[in-house]
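Here's the structure, in structure tokens; my notes come after.
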Amino acid sequence: MKHNALRSFFICGLILIGMALFPLFTNNFIIRFGTDILMFAIMASAWNIIGGYTGYASFGNVVFFGIGAYTTAVLMEKAGFGFALAYASSGLLAAVFAILVGLPVLRLRGHYFAIATLGVAEAMKALVQNLEITEGNSGIYLPMLDMSVRGQYYFFFYMMLATLVACLLTTYILLNAKFGYSLIAIREDEDAANSVGINTTYAKTMAFSLSALFTGFAGSIYAYQQAFIKPEPAFTVHTTVKMIVMAVFGGMGKLFGPLLGAFSIEVISEILSDHFLVAHALFFGTIVILAIVFTPKGIMDIITERKLNVSYFLENIRKHRV
Amino acid sequence: MLAQIVINGILKGGLYALMAMGMSLIWGVMDIINIAHGSFIMLGAFTTYWLFTLLGIDPFVSLIFSISILFVIGYGIQKYLINLIIRASAFITLILAFGIEIFINNAALVAWTADVRKVKVAYGASNFSLGDWVTIPTVRLLAFMLVIVIGTIFFFILNRTDLGRSIRSTAQDLDAAQLVGVDVARTYALTFGLGVGAAGAAGTLWSILFPISPMMGGILTLKSFVVVIIGGLGSMLGPILGGLTLGVAEAMGSTWFGSTYENLISFTILVLVLILRPKGILGGAD
Amino acid sequence: MAILQANRISKHFDGLVAVNKVSFVLNPGEILGLIGPNGAGKTTVVNMIAGVYPPTEGEIHFKGKPIHGLKPYRIGRMGIARTFQVVKPFPGMTVKENVAVGAMFGARGKRRSAKEAMEKAEEVLEFVGLADQKDRRADQLGVAFRKRLEMAKALAMSPDVVLFDEVMAGLNFGEIDQAVQMIQKIRHSGITILVIEHVMRAIKNLCDRVFVLHHGEKIADGPVEEVLNDENVIKAYLGKRFKELTH
Amino acid sequence: MLLGIKELDAGYGDVQVLWGLNLKVEEKQIVALVGSNGAGKSTLLKVISGLMRPYRGQILFRGEDITRTPPKEIVRKGIVHVPEGRRLFPQMTVEENLVMGAFRRRKDKDIRPELARVYELFPRLKERRLQKAGSLSGGEQQMCAIARGLMSDPRLLIIDEMSLGLAPVIVDDLVEILKEINSRGTAILLVEQDVQLALSNSHYGYVVATGRLVMEGPSEELLQSKEIKEAYLGM
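Protein chains in written order, with my numbering: chain E, 1325 to 1646; chain W, 3 to 288; chain P, 226 to 472; chain L, -19 to 215.
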């Protein structure tokens, strides 16, 4: 046990150092690509807190991304805030919004929760499209980061990396505390969790809010990096779906599952779009379909179970077909 | 003025109802949230478009084709794909449906480009007046009547045929249905076929009234969600009531607030209904 | 003074009366039985005490304080633990984790760290005889073990009162006798118990008093022997086969 | 021999539940299959009705091998399984449930005489024929489940845990009805935890424990045997 924990800790450290040093040895294009992967890794890991550990499949997490992005844009452009303060406010505002929305919406279960969160995200997008302060569909320009081009690439990469590490570390610490047990108990059986003394409303709302916090941070960095945001990409349902697919593909309810999922899916789609200019999304759809049919538990499961053979895939089908 | 708005809303609401009927059937029977629903509507629309453009087949006639083609597609997808993982968590089927959506949309994009197209029928612009203030576009009225016909057929299939009985029994208790001799795998495939067939019909009617493009499906899926939720799962009346409510609410909202508020209104209704009456306006409270 | 007291509690579902003006008291240290045919409202009574839903009318007092209308977790933390008729383990957790969750959030949960809760779990698992199963996943247990796990989760909450909802259904006679002994041991540790059972063998060997629900109303209440020989109870619930068997 | 099970091994994935099980039901017999929960009774029933495939072994019905026959065909051949927990279609009326019971035969045959016979056996169901099955009491639901099974005019009726959760007084009524059904020529396999109930109302009995057959014999003899008395009847 001790030995194992030490080894995992060591491996994590190595990976972290590897990730931190990697931009120093590569070109801007690759750094930018790495930044994108990190952004999705944050969102998928944050989604994992509410969707993977608590069992509430939020289909509206993009709303926190959008809120984070717009908070940064409005605060920096209209109120003259510096990025640091805008960044902090973005996460906090998303977290507060999650509490307000979560209190009524987290009373719903299963599909109904999924659709309600989807509705919240779409309603928010429609609202932002109509508000004056967000400049509707024409979007907002942000002040540019005053740095050399290379420096900018470094800045956004390391911001994303730091946010991801904070997200994973928070998740790890909470999971080993009583709070983590309460989330998993809710996922496994909410009524039983309530009856053994878990304040389920509180626990769910906190999980939702934490998930929002980190997603909001990601949105904030994204907005500053793009220097211009509009409602459509900032609130698009496809971002939500992407984070879920990444979390599921990598392994829901596992600490590093979403990170692994984000990495593999981004790399796969990048390779595909290099080779098939027009049809890459078609192949991407095919991969999602095949992955879900053959490995519904995600690649983390294959790695931890060490069962990479045909019968593993067939067993998955045998278990779930009619 | 008000009467005209309400009538516009009802006519569009009928189409919403038809869209939601298929989604509600699939959801209710198999607990699948078919994210690809809008993509099937899109395929129905393009079936009609090509039959009209290439062969000159009247859109209303092509209804038969779009329903049958989409039925076959739906049957095949359920039988050879979704049935493989149907007993995994509902969440997994949701993502599978998402994969199907990406696939269909992008296949359509590759085949037909992102161009927006229109089915231009000669009688497209004709309309007639009712009283002094209300004008009714003929095509919309015709489409609305077809929705009623298709809905009635649906109702008949579900309640009066063996297929309907096997669908309902499977929805209520999978194992028990197997034990009385229902072929569940086939029933699932037929259910998905029917639901997707209804989406095809909705696509045909949509293409007569509005412009179409390969990416049109996303928002239609969302609208179908709204309608299913407003009406509540589990009865044929649900989608109809939900569709009409949404249609009228949107018509009123866009008249009074401007058409950019249309989506805000639909999704606010969706969230409110879910929070206040999670079983839909037909279902009981709580 | 009664530790738990229900005063004319009723529950209506959509106009259907599931429980009608039922009163009972649970005295400290006793084992009270609740019997009656399916659909008589037994589980509804448990659910009202445990806070799953509030009574439509009537009051429930625990140690003199009103608890009707409180959320289940509040009631759990005050010292009332319950089991579920259809057992509700946390299927993906190990047996030990299941029980530890009870220890973490139950009556003494505030004062226990996650680590102390694990120690408490070990202790409880030893008590109910599940110690050698502690590292198995809960969904891999057989029925008898699941029932025991359900009891262990409740006990780990350090409750003053436990509501056992059919913890013996589906057990064979040997297992029932073990469960009876365990419940007696629990009582001797100072916990007051309400048992809901169909298993007459257990009721007879276990309960000080028993009360009978039929169509949501209380039709008998008293010492076990007396109630089981009551004409009304035999007619409504027990039937003639039972009478032949016991006499 | 109506039903014969030979050397049956079955389980879920890696977890084997049944070990070399042998069992026979003769025409017009009531056979009891008893054992505590987890003994493997429900697994055996799933295998018989085709919901699950065994690892090894053979199931014969009227001389025909039905080991790998799908559920819909099993029903047609004349085996009906009334599952544990009734498993009615709760949103359908009592009569719709009964009609579903004849699902496989409706195409070739008029089912009205069948319906009349079932209503004669269960007058209570006739009174409630238009009520939703989900709103019936526990005892009525069990009646409806048995009646639904009878609608396909089975040669063999398998009833899983009929007495579970029912008041003793209602179980008594159901037992009388089962005897009536049997006297009209249908063989019954009664799968029960209530050993006393099952053995005192059957001709022949099998006792299973942890997936293996531990005893068999005429029910009267089993009831008198010392092992049964000690292990299951608590005497």
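Beta carbons are placed, not taken as given, at the ideal position from N, Cα and C, and that holds for glycine.
7 Å Cβ cut-off: residues of chain L touching residue i
{"i": "residue 368 (chain P)", "result": "17 and 18"}
{"i": "residue 399 (chain P)", "result": "211"}
Interface partners of residue i on chain P, CB under 8 Å
{"i": "residue 1516 (chain E)", "result": "309, 313, 314, 315 and 378"}
Enclosing alpha helix (DSSP H) for residue i [first to last residue]
{"i": "residue 1581 (chain E)", "result": "1581 to 1599"}
{"i": "residue 278 (chain P)", "result": "Counting along the chain, residue 278 (chain P) falls outside any alpha helix (DSSP H), and DSSP gives it neither H nor E."}
{"i": "residue 1531 (chain E)", "result": "1524 to 1550"}
{"i": "residue 1634 (chain E)", "result": "1634 to 1644"}
{"i": "residue 36 (chain L)", "result": "Taken as a continuous stretch (DSSP letters only), residue 36 (chain L) belongs to no alpha helix (DSSP H), being part of the beta strand (DSSP E) at 36 to 41."}
DSSP state of residue i mapped onto helix, strand, coil
{"i": "residue 1360 (chain E)", "result": "helix"}
{"i": "residue -11 (chain L)", "result": "strand"}
{"i": "residue 440 (chain P)", "result": "coil"}
{"i": "residue 115 (chain L)", "result": "helix"}
{"i": "residue 402 (chain P)", "result": "helix"}
{"i": "residue 90 (chain L)", "result": "coil"}
{"i": "residue 4 (chain L)", "result": "strand"}
{"i": "residue 90 (chain W)", "result": "coil"}
{"i": "residue 172 (chain L)", "result": "strand"}
{"i": "residue 10 (chain W)", "result": "helix"}
{"i": "residue 268 (chain W)", "result": "helix"}
{"i": "residue 152 (chain L)", "result": "helix"}
{"i": "residue 130 (chain W)", "result": "strand"}
{"i": "residue 134 (chain L)", "result": "coil"}
{"i": "residue 137 (chain W)", "result": "strand"}
{"i": "residue 445 (chain P)", "result": "strand"}
{"i": "residue 1305 (chain E)", "result": "For chain E, the structure presents residues 1325 to 1646; residue 1305 (chain E) sits outside this window and is missing."}
Residue span of the beta strand (DSSP E) that contains residue i, given as start and end
{"i": "residue 1410 (chain E)", "result": "Unbroken run through residue 1410 (chain E) is the alpha helix (DSSP H), 1407 to 1429; no beta strand (DSSP E)."}
{"i": "residue 248 (chain P)", "result": "241 to 251"}
{"i": "residue 59 (chain L)", "result": "59 to 62"}
{"i": "residue 196 (chain L)", "result": "192 to 198"}
Partners in chain W for residue i, counting only beta-carbon separations shorter than 8 Å
{"i": "residue 145 (chain L)", "result": "Within chain W, no residue comes near residue 145 (chain L); the closest Cβ sits about 17 Å away, beyond 8 Å."}
{"i": "residue 1616 (chain E)", "result": "87, 94, 97, 98 and 101"}
{"i": "residue 128 (chain L)", "result": "182"}
In DSSP terms, what residue i is bridged to
{"i": "residue 235 (chain P)", "result": "P:282"}
{"i": "residue 258 (chain P)", "result": "P:420 and P:435"}
{"i": "residue 121 (chain W)", "result": "According to DSSP, which records beta bridges pairwise, residue 121 (chain W) is partnered with nothing at all."}
{"i": "residue 73 (chain L)", "result": "L:112"}
{"i": "residue 107 (chain W)", "result": "DSSP, once it has assigned bridges, lists no residue as partnering residue 107 (chain W)."}
{"i": "residue 290 (chain P)", "result": "P:287"}
{"i": "residue 307 (chain P)", "result": "P:388"}
{"i": "residue 319 (chain P)", "result": "P:362"}
Reference residue i; option with closest CA among the options
{"i": "residue 63 (chain L)", "options": "L:24, L:46 and L:101", "result": "L:24"}
{"i": "residue 1364 (chain E)", "options": "E:1499, E:1607 and E:1565", "result": "E:1565"}
{"i": "residue 32 (chain W)", "options": "W:237, W:266 and W:92", "result": "W:92"}
{"i": "residue 1577 (chain E)", "options": "E:1337, E:1361, E:1396 and E:1379", "result": "E:1379"}
{"i": "residue 259 (chain W)", "options": "E:1387, E:1451 and E:1372", "result": "E:1451"}
{"i": "residue 121 (chain W)", "options": "W:72, W:181, W:208 and W:19", "result": "W:208"}
{"i": "residue 140 (chain W)", "options": "W:188, W:160 and W:14", "result": "W:14"}
{"i": "residue 1570 (chain E)", "options": "E:1349, E:1485, E:1366 and E:1356", "result": "E:1366"}
{"i": "residue 19 (chain W)", "options": "W:90, W:156, W:229 and W:193", "result": "W:229"}
{"i": "residue 242 (chain W)", "options": "W:16, W:6 and W:164", "result": "W:16"}
{"i": "residue 279 (chain P)", "options": "P:294, P:267 and P:288", "result": "P:294"}
{"i": "residue 1595 (chain E)", "options": "E:1514, E:1354 and E:1538", "result": "E:1354"}
Chain-ordered neighbours of residue i on chain E, where CB pairs are closer than 9 Å
{"i": "residue 339 (chain P)", "result": "1500, 1501, 1502, 1504 and 1505"}
Closer than 8 Å at the beta carbon, the chain L residues around residue i
{"i": "residue 177 (chain W)", "result": "31, 63 and 67"}
The ligand GTP heavy atom lying under 7 Å from the CB of residue i
{"i": "residue 101 (chain W)", "result": "Absence of the ligand GTP from the depicted structure is noted, as is the absence of any ligand whatsoever, leaving it without description."}
Under 7 Å by beta carbon: chain E residues contacting residue i
{"i": "residue 273 (chain W)", "result": "1440, 1443, 1444 and 1447"}
{"i": "residue 105 (chain W)", "result": "1606, 1609, 1610 and 1613"}
Chain-ordered chain P contacts of residue i [CB-CB under 7 Å]
{"i": "residue 70 (chain L)", "result": "Result: empty, since nearest Cβ-Cβ is about 14 Å, beyond 7 Å."}
Cross-chain neighbours of residue i in chain L, by beta carbon under 9 Å
{"i": "residue 185 (chain W)", "result": "50, 51 and 52"}
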